[in-house]
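Working notes, structure below.
Number of protein chains: 2
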Amino acid sequence: MSKIDIIKLAKALNLSKSTVSRAFRDNSDINPTTKERVLKMAKELNYRPNHYASNLREQKSKTIAVVVPELANNYFTQIIQGVERVAKTKGYHILIFVTDDDIQKEKEFIRSISNGRVDGVLMSVSGESEDHSYLNRVDFDWLPVVLFDRVYDDIELPTVVTDDYDSSYLATQHLIANGCKRIAYLVVNKEQSIGKTRMQGYMDALHDGGLPTDELLIADCSNAYDENALILKTFLAEQNPDGVLASVERLAVSAYYVCRDQGIRIPEDLKIVAFSSLEIAELLNPSLSTITQPAIQIGEHAANILLDKLSGVDSGGLQPQIVLSSELVVRDSSRL
Amino acid sequence: MSKIDIIKLAKALNLSKSTVSRAFRDNSDINPTTKERVLKMAKELNYRPNHYASNLREQKSKTIAVVVPELANNYFTQIIQGVERVAKTKGYHILIFVTDDDIQKEKEFIRSISNGRVDGVLMSVSGESEDHSYLNRVDFDWLPVVLFDRVYDDIELPTVVTDDYDSSYLATQHLIANGCKRIAYLVVNKEQSIGKTRMQGYMDALHDGGLPTDELLIADCSNAYDENALILKTFLAEQNPDGVLASVERLAVSAYYVCRDQGIRIPEDLKIVAFSSLEIAELLNPSLSTITQPAIQIGEHAANILLDKLSGVDSGGLQPQIVLSSELVVRDSSRL
DNA sequence: TTGTATGCGTTATCAC
DNA sequence: GTGATAACGCATACAA
Chain A
180 MSKIDIIKLA KALNLSKSTV SRAFRDNSDI NPTTKERVLK MAKELNYRPN
230 HYASNLREQK SKTIAVVVPE LANNYFTQII QGVERVAKTK GYHILIFVTD
280 DDIQKEKEFI RSISNGRVDG VLMSVSGESE DHSYLNRVDF DWLPVVLFDR
330 VYDDIELPTV VTDDYDSSYL ATQHLIANGC KRIAYLVVNK EQSIGKTRMQ
380 GYMDALHDGG LPTDELLIAD CSNAYDENAL ILKTFLAEQN PDGVLASVER
430 LAVSAYYVCR DQGIRIPEDL KIVAFSSLEI AELLNPSLST ITQPAIQIGE
480 HAANILLDKL SGVDSGGLQP QIVLSSELVV RDSSRL
Chain B
180 MSKIDIIKLA KALNLSKSTV SRAFRDNSDI NPTTKERVLK MAKELNYRPN
230 HYASNLREQK SKTIAVVVPE LANNYFTQII QGVERVAKTK GYHILIFVTD
280 DDIQKEKEFI RSISNGRVDG VLMSVSGESE DHSYLNRVDF DWLPVVLFDR
330 VYDDIELPTV VTDDYDSSYL ATQHLIANGC KRIAYLVVNK EQSIGKTRMQ
380 GYMDALHDGG LPTDELLIAD CSNAYDENAL ILKTFLAEQN PDGVLASVER
430 LAVSAYYVCR DQGIRIPEDL KIVAFSSLEI AELLNPSLST ITQPAIQIGE
480 HAANILLDKL SGVDSGGLQP QIVLSSELVV RDSSRL
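Chains as they are written, first to last, in this note's numbering: chain A, 180 to 515; chain B, 180 to 515.
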């Protein structure tokens with residue numbers, strides 16, 4: 180294969196390079212027969228238009244970036260699946276970037292692609308509690324951005340999120356209905372919109388259910404399994420809750436491990452509900468009650484919004500704000 | 180931000196574009212002070228070198244492609260994590276492509292990137308039983324390719340795989356040791372090297388353990404959960420095995436569901452061991468015995484090999500063939 | 001319908 | 001140490 184370019188191909192065909200070029204563009208004036216001829220020879224010589232040259236010329240890349248905080252999370256990989264699925268149908272490729280929840284990396288990545296690297300960006304953000312004004316410096320007409328799941332509320336962009344408040348409220352209500360009096364809330368970062376919104380639903384449900392809200396029942400965890408094991412062990416021992424709402428799957432898993440080790444019975448001693456996209460929640464011991472977010476659909480929606488923008492579909496001036504519903508699936512871990 | 184390019188920046192600084200360009204290259208003759216000045220102004224104007232122009236010029240993209248059969252599989256997403264981790268440290272981006280186990284898509288993708296789109300490819304293949312000679316047409320000096328997990332044996336390329344035969348053998352031996360007489364093997368596609376190798380380990384262990392091998396005990400499943408539920412339900416009823424080796428996680432999960440529905444007790448009636456990268460195998464009911472592959476490391480190794488090649492490290496002429504060890508973790512699902 | 005010429009934004013080579 | 005200029009490979013406006 181090596182170095183066959185449009186000129187060599189043109190020479191081989193005794194044509195000009197423009198004609199050859201035209202053979203690869205769909206809506207160009209070209210004799211169907213010569214087009215055939217070119218395509219055939221191209222196949223033979225294994226020629227493909229150089230991507231970077233075309234992109235430079237056309238100022239587009241047919242590629243979108245997907246920016247996520249982490250990959251070690253089923254939820255995000257499911258979202259990526261959704262994105263991939265719709266991107267593929269429109270001929271787009273996807274570039275994955277992981278920020279490790281570090282806004283510096285997020286910022287640097289956005290900077291690094293801000294000059295034609297990709298046609299658009301799908302992002303779940305990392306710096307909600309920090310200064311993310313860097314985003315205001317990008318021209319969204321040049322580089323459309325759609326936020327999903329974790330969003331910056333103070334920046335006007337299309338978003339795709341789930342109804343976290345309602346889900347949290349409902350799940351807490353369910354725990355109350357099943358007799359819980361001391362319901363704990365497990366969260367990784369209270370400052371994130373996700374953590375905050377879910378916490379609000381939890382608190383309001385407590386209040387409406389006639390239960391006091393107690394700062395001490397809110398466990399601020401980390402992202403590392405081993406740390407969480409420690410935090411939760413202490414937390415459960417000291418606070419002795421009878422119900423738990425885990426704002427992310429990982430915390431529910433840690434809670435399961437701690438309960439097993441400490442001889443805390445689920446659901447008899449402690450009932451658990453968790454935000455989780457685990458496909459086998461059903462098979463856990465005991466099966467885990469979940470608030471299941473439509474992850475794949477989030478990806479699909481976000482991708483569709485972005486691709487619409489890229490193909491010039493007018494959103495009527497305003498930014499779509501999609502809210503998808505999660506589903507509360509009650510299983511053994513929160514049963515009476 | 181919009182349209183700021185090197186020329187505008189140069190003008191703003193009253194410099195030539197060559198000088199500006201030099202400020203961004205690390206080892207160029209340039210006055211440190213002017214470099215400072217350029218970089219500062221660049222930041223101010225939010226200038227970034229155009230990726231496509233540089234790539235066109237330099238003939239490299241600092242991007243590698245990761246090609247996998249599917250994303251709906253923890254195993255592959257973990258591998259991607261590993262790749263991402265090392266790629267990031269070397270300043271590479273990753274482009275994800277999913278073949279849906281369709282060699283046509285695999286082929287088309289490789290073709291589509293064969294002209295400078297990426298600097299190299301990491302791939303887990305899809306067309307082992309089909310004609311994959313298309314790969315011989317790519318010049319691996321121009322586009323280095325490293326295969327992982329699912330490989331083409333008849334094409335000379337670096338590979339990273341796990342010791343599937345040994346793992347299978349060991350797991351089967353373990354089942355025999357725990358009293359199983361009728362051990363079934365669950366597989367998705369017998370023709371794949373993965374399925375085949377694992378089956379061989381299983382068969383040899385049976386033989387060495389003095390047990391007959393029986394074609395009927397090999398269940399050829401599909402990739403869809405609902406289909407598998409049906410297949411396995413019938414299979415378990417008809418063949419009545421007392422042990423099962425699942426060549427992929429998905430099949431073990433299906434088996435769990437079927438057992439639950441049919442009142443088959445694990446491990447009393449049926450012992451199960453599965454190839455699985457599930458992090459919470461421990462928490463299943465009952466906890467699942469697994470052959471755990473070092474997925475993240477596979478990704479890291481593959482990426483390292485590729486990046487070494489890209490940076491011109493000589494592999495001594497021969498293609499590295501890495502074999503990583505999986506770990507058999509015995510849990511309740513296969514206990515006596 | 002096809003060919004010619006120009007520019008997309010860089011970087012490298014060569015002068016200065 | 002810096003500036004002019006020629007590629008990189010392609011796609012389009014314009015001429016033929």
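Using N, Cα and C, we set each Cβ at its ideal position, and we do this for glycine too.
Which residue or residues does DSSP assign as beta-bridge partners of residue 500(A)?
The count along the first sequence starts at 1 and reaches residue 500(A) at position 321. In DSSP, residue 500(A) forms a bridge with 338(A).
Could you give the distance in angstroms between the alpha-carbon of residue 387(B) and the alpha-carbon of residue 319(B)?
Here the question's residue 387(B) lines up with position 208 in the second sequence. Here the question's residue 319(B) lines up with position 140 in the second sequence. Answer to the nearest angstrom: the Cα atoms are 42 Å apart.
For residue 450(A), which residues does DSSP report across the bridge?
Counted from its first residue, the first sequence places residue 450(A) at position 271. 422(A), per the DSSP bridge assignment.
Please report the distance separating the alpha-carbon of residue 346(B) from that of residue 406(B).
Mapped onto the second sequence, residue 346(B) falls at position 167. Mapped onto the second sequence, residue 406(B) falls at position 227. Roughly 27 Å separates the two Cα atoms.
Going by Cα to Cα distance, which pick from 307(A), 269(A), 323(A) is closest to residue 244(A)?
As a first step, residue 244(A) is located in the first sequence; it is residue number 65 there, counting from the start. The option with the nearest alpha carbon to residue 244(A) is 323(A).
For residue 325(A) and residue 477(A), I'd like the C-alpha separation in whole angstroms.
Start at 1 with the first residue of the first sequence, and residue 325(A) comes out as number 146. Start at 1 with the first residue of the first sequence, and residue 477(A) comes out as number 298. If I take the Cα positions, the gap works out to 11 Å.
Listing by chain order, which chain B residues have their CB less than 7 Å from the CB of residue 491(A)?
Your numbering for residue 491(A) matches position 312 in the first sequence. The premise fails here: residue 491(A) is roughly 18 Å from chain B at the closest Cβ pair, so nothing lies under 7 Å.
Does the pairing of the stretch 466-476 of chain A with the stretch 303-317 of chain A give three or more beta-carbon distances under 8 Å?
no
Using a cut-off of 9 Å between C-beta atoms, extract the partners of residue 311(A) located in chain B.
As a position in the first sequence, residue 311(A) is number 132, starting the count at 1. By Cβ distance, chain B contributes nothing, its closest Cβ being about 15 Å from residue 311(A), past 9 Å.
List the residues of chain A that residue 283(B) touches, going by C-beta distances under 9 Å, in chain order.
Walking along the second sequence from the start, residue 283(B) turns up at place 104. Near residue 283(B) there are no residues of chain A at all, since even the closest Cβ is about 13 Å away, more than 9 Å.
Does any residue of chain B bring its CB to less than 8 Å from the CB of residue 295(A)?
Looking up residue 295(A) in the first sequence gives position 116. It does: the Cβ of residue 295(A) has a partner Cβ on chain B nearer than 8 Å.
What is the residue span of the beta strand (DSSP E) that residue 331(A) lies within?
Locating residue 331(A) in the first sequence gives position 152, counting from the first residue. Looking at the DSSP string, residue 331(A) is not in any beta strand (DSSP E), and its letter there is neither H nor E.
Are the beta-carbon atoms of residue 376(B) and residue 399(B) separated by less than 8 Å?
Position 197 of the second sequence, counted from the start, is the residue given in the question as residue 376(B). Position 220 of the second sequence, counted from the start, is the residue given in the question as residue 399(B). No, the pair does not count as a contact, with Cβ atoms beyond the cut-off.
What's the gap between the Cα of residue 507(B) and the Cα of residue 460(B)?
The sequence position of residue 507(B) within the second sequence is 328, counting from 1. The sequence position of residue 460(B) within the second sequence is 281, counting from 1. So the alpha carbons of these two residues sit roughly 12 Å apart.
With DSSP run on the structure shown, which of helix, strand or coil describes residue 506(A)?
Stepping through the first sequence from its first residue, residue 506(A) is reached at position 327. Of the three classes helix, strand and coil, the one that applies to residue 506(A) here is strand, per DSSP.
Check distances from the C-beta atoms of the stretch 422-441 of chain A to those of chain B and list, in chain order, the residues that come in under 9 Å.
Against chain B - using a Cβ distance shorter than 9 Å - the residues of the stretch 422-441 of chain A are 432, 435, 436, 439.
Ignoring anything shorter than 4 residues or poking outside the stretch 259-337 of chain B, list the alpha helix (DSSP H) runs there in chain order.
282-292
Three or more C-beta pairs under 8 Å: does that hold for the stretch 444-463 of chain B against the stretch 215-225 of chain B?
no
Report yes if the C-beta distance between residue 364(A) and residue 426(A) is below 8 Å; otherwise report no.
Within the first sequence, numbered from 1, the residue matching residue 364(A) stands at position 185. Within the first sequence, numbered from 1, the residue matching residue 426(A) stands at position 247. In this structure, residue 426(A) lies closer than 8 Å to residue 364(A) by Cβ.
Note down the Cα distance separating residue 277(A) from residue 253(A), rounded to an integer number of angstroms.
On the first sequence, residue 277(A) is found 98 positions in, with the first residue counted as 1. On the first sequence, residue 253(A) is found 74 positions in, with the first residue counted as 1. Distance between the alpha carbons of residue 277(A) and residue 253(A) is about 14 Å.
When you compare each of 286(A), 257(A), 352(A), 421(A) to residue 309(A) by their alpha carbons, which one comes out closest?
Residue numbering aside, residue 309(A) sits at position 130 when the first sequence is read from its first letter. Closest by alpha carbon: 286(A).
Sorted by chain position, which residues of the same chain lie with C-beta nearer than 7 Å to residue 196(A)'s C-beta, five sequence neighbours on each side aside?
By 1-based counting over the first sequence, the position of residue 196(A) is 17. For residue 196(A), where only same-chain residues beyond five positions count, the Cβ hits under 7 Å are 185, 186, 189.
Please report whether the beta-carbon of residue 211(B) lies at a distance below 8 Å from any beta-carbon of chain A.
Walking along the second sequence from the start, residue 211(B) turns up at place 32. By this cut-off, residue 211(B) is not an interface position.
Any Cβ of chain A within less than 8 Å of the Cβ of residue 353(B)?
For the purposes of this step, residue 353(B) is identified with residue 174 of the second sequence, where counting begins at 1. Cβ-Cβ to chain A under 8 Å: no for residue 353(B).
Interface residues of chain A around residue 268(B) at Cβ under 7 Å?
For the purposes of this step, residue 268(B) is taken as the residue at position 89 of the second sequence. Residues of chain A passing the Cβ test: none, with the nearest at roughly 12 Å.
Whose C-beta lies closer than 6 Å to the C-beta of residue 410(B) among residues of the same chain, with five residues either side of it excluded?
As a working note, residue 410(B) is residue 231 in the second sequence. Residues of the same chain with a CB within less than 6 Å of the CB of residue 410(B), apart from the 5 flanking positions on each side, are 400 in chain order.
So, with DSSP's three-state summary, where would you put residue 436(A)?
The residue given as residue 436(A) occupies position 257 in the first sequence. Helix.
How about residue 247(B): is its C-beta nearer than 8 Å to some C-beta of chain A?
Walking along the second sequence from the start, residue 247(B) turns up at place 68. Chain A contact via Cβ: absent.
Restricting to Cα atoms, I'd like to know which of 509(B), 194(B), 236(B) is closest to residue 218(B).
Translated into the one-based positions of the second sequence, residue 218(B) becomes position 39. Nearest option by C-alpha distance: 194(B).
Since residue 232(A) is in the alpha helix (DSSP H), which residue starts that stretch and which ends it?
Counting from one through the first sequence, the residue named residue 232(A) turns up at place 53. Segment 230-237, the alpha helix (DSSP H) holding residue 232(A).
Determine the chain A residues that contact residue 518(B) at a beta-carbon separation under 7 Å, and present them in chain order.
Because chain B is modelled from 180 through 515, residue 518(B) falls outside the range shown and cannot be assessed.
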